[in-house]
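Numbering (our numbering), first residue to last: 47 to 147. Beta carbons are placed, not taken as given, at the ideal position from N, Cα and C, and that holds for glycine. Please read these numbers as outputs of a predicted model, since none were measured by experiment.
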C-alpha cells in the first residue's frame, strides 16, 4: 500500500516544485543570528531546515498556517562556514545559502 499525505510541509521537498514565496535572509554573511522572513499569497505551514555543508541537519523550525512569517536562527554556537536553509511547504520548496563568519 502507498499512502499520500498532502498536508505536511515536508511534501514540498519531494515534489520537485519551487515554492512561490518571497524569502528574505539577513544578515548574510551572518555572525550570531540569522533573520528569515517569508511572504506567500495564501496561509500555509512551513518547515525550515538548516543544514551544514556536509548535509547534516543543524536546526529545524516550523510555522503554522501563516502568509507572513518571521523566524530567527541562533548561529552563535556554529563554526564559521557555509550553511543552507531550506523552506518547505506542501506547495514546494526552495533553498538559500548562508555564510557564517
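Asked: Pair within 8 Å by beta-carbon distance, residue 140 and residue 64; Found: yes
Asked: Where residue 65 sits in the DSSP three-state scheme; Found: coil
Asked: Inter-residue spacing [alpha-carbon to alpha-carbon] between residue 136 and residue 90; Found: 8 Å
Asked: Delimiting residues of the beta strand (DSSP E) encompassing residue 108; Found: 103-120
Asked: Whether residue 104 touches residue 96 by CB criterion (8 Å); Found: yes
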